[in-house]
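**Student:** Can you keep this structure in mind? I'll have questions shortly.
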């Protein structure tokens, strides 16, 4: 996210796609890991017996467990492990907003002066040490070369391959890779999922249409990524959630390597440039009724999903664009699809009884919207088992 784009960065991107393995047998493994954890989550949800609950807590824990299994090759042996990873996510996210980064960049010694910035740095350093011990040092101690258990072991093996000397000389490359995977893969997907279910409560007709597709295409089988191609409305809803929620408001921090003339303006060398994605994703110039949640905007007149070459799809820049776009877009959308269809296959999502329905308003600032990755404001919902139509 925040490194120079060079030959090593390109190698890291290629390595990401290789170790994630969302192709061939890797897809089956990924789907099995997700479904096993979702079944555990369903048992947890059913204990509420259709009463008000905080779905965000269940989703967050399951997402972290899934990433942990993919990285480590096994389920967490200690129930506090997801909490350790959560603490790192929160601490890291609070130091990444542009205003905070600007202040720290201009006054770097703030991390030494007693106050909120020092407290934030101390919290992050403590959380970072615990997270690195968990996902880097622990698996490295028990590594058996040539017998990878998960993504961490694959990286350790790749470290010894010819051409990857840069990984061997500086372990921070692997540490940063693993830590970034947890941070980016968890917070953004959680924001999308929690935001999507809030939208579905406020737009129940959308939830019903997704369930119609689930019943027709998937039936009583486990949702699989291959089903996406036959579920255009569900896929359109996911795209609309990404646009509407817009969890990363500013992204793509870059530094101009030379003076640049752009649209009649001069951008001096060393100027920090960023993209206001929240503005673009909610701008009338690019979207009709941008403040309305409308999945149909990503469907053509025949109900097919718009191709990625369509101007509307090109305007959906939530994951960036070009050679430095987020490499985890497919990974994120895959998990959102499996969770969304899996939950709606089994449950109806309904407004709470004990409190008012929180509106699907992602423009108003609140405590959870602070941070590099904006989170949905807290809400409760009811998940009631539905009669499967097959």
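Numbering (the working numbering), first residue to last: 258 to 647.
For each residue, glycine too, the CB sits at the ideal point set by N, CA and C.
Note that the structure is a prediction, hence the values are computed from the model and not measured.
What residue range is occupied by the uninterrupted beta strand (DSSP E) comprising residue 606?
**Tutor:** Run containing residue 606: 604 to 607, per the beta strand (DSSP E) assignment.
**Student:** Mind checking whether residue 435 and residue 392 have CB atoms under 7 Å apart?
**Tutor:** The answer is yes: Cβ separation under 7 Å.
**Student:** How big is the Cα-Cα spacing for residue 405 and residue 414?
**Tutor:** Approximately 8 Å, taken between the alpha carbons.
**Student:** On a Cα-Cα basis, can you pick out the residue from 309, 503, 408, 440 that is closest to residue 573?
**Tutor:** Nearest of 309, 503, 408, 440 to residue 573, Cα basis: 503.
**Student:** Report the CB separation of residue 276 from residue 408 in whole angstroms; it is logged as a contact under 8 Å.
**Tutor:** Between residue 408 and residue 276 the Cβ distance is about 5 Å, and since that is below 8 Å, they are a contact.
**Student:** With residue 457 as the anchor, note down where its beta strand (DSSP E) starts and where it stops.
**Tutor:** Run containing residue 457: none in the beta strand (DSSP E); it sits in the alpha helix (DSSP H), 429 to 459.
**Student:** Within 10 angstroms of its Cβ, does residue 485 collect 16 or more other Cβ (buried), or is it exposed?
**Tutor:** By the 10 Å Cβ count, residue 485 comes out buried.
**Student:** So, do the region 436 to 454 and the region 513 to 532 have three or more beta carbon pairs nearer to each other than 8 Å?
**Tutor:** No, the region 436 to 454 does not touch the region 513 to 532.
**Student:** So, are the CB atoms of residue 639 and residue 607 less than 7 Å apart?
**Tutor:** Taking 7 Å as the Cβ cut-off, residue 639 and residue 607 qualify as a contacting pair.
**Student:** Classify residue 420: buried if its beta carbon has 16 or more other beta carbons within 10 angstroms, exposed otherwise.
**Tutor:** So residue 420 ends up on the exposed side.
**Student:** Have a look at the DSSP bridge pairing and note the partners of residue 519.
**Tutor:** 522, per the DSSP bridge assignment.
**Student:** For a test of the three-state rule: what should DSSP assign to residue 498, helix, strand or coil?
**Tutor:** If DSSP states are grouped into helix, strand and coil, residue 498 belongs with the helices.
**Student:** Give the DSSP-derived three-state secondary structure of residue 641 in the structure shown.
**Tutor:** Residue 641 falls in the strand class under three-state DSSP.
**Student:** Return the CA-CA distance between residue 592 and residue 357, expressed in angstroms with no decimal places.
**Tutor:** Residue 592 and residue 357: Cα-Cα distance of roughly 30 Å.
**Student:** If you draw a straight line from the alpha carbon of residue 449 to that of residue 498, how long is it in whole angstroms?
**Tutor:** Roughly 7 Å separates the two Cα atoms.
**Student:** State yes or no: is the C-beta of residue 430 within less than 7 Å of the C-beta of residue 292?
**Tutor:** Their beta carbons are not under 7 Å apart, which means residue 430 does not touch residue 292 by this criterion.
**Student:** Count the C-beta pairs between the region 382 to 389 and the region 338 to 355 that are closer than 8 Å, then say yes if the count reaches three, no if not.
**Tutor:** Cβ pair count under 8 Å is three or more, so yes.
**Student:** Residue 284 by DSSP, collapsed to three states: which one?
**Tutor:** Helix, per DSSP.
**Student:** Taking all protein chains shown into account, decide if residue 704 is buried (16 or more other Cβ within 10 angstroms of its Cβ) or exposed.
**Tutor:** Outside the shown range of the chain, which is 258 to 647, sits residue 704, and nothing can be said about it.
**Student:** Grouping DSSP H, G and I as helix and E and B as strand, with all else coil, what is residue 558?
**Tutor:** Reduced to three states, the DSSP call for residue 558 is coil.
**Student:** How many whole angstroms separate the CB atoms of residue 534 and residue 506, which I take to be in contact at a CB cut-off of 8 Å?
**Tutor:** Right, the Cβ-Cβ distance comes to about 6 Å (below 8 Å), so this counts as a contact.
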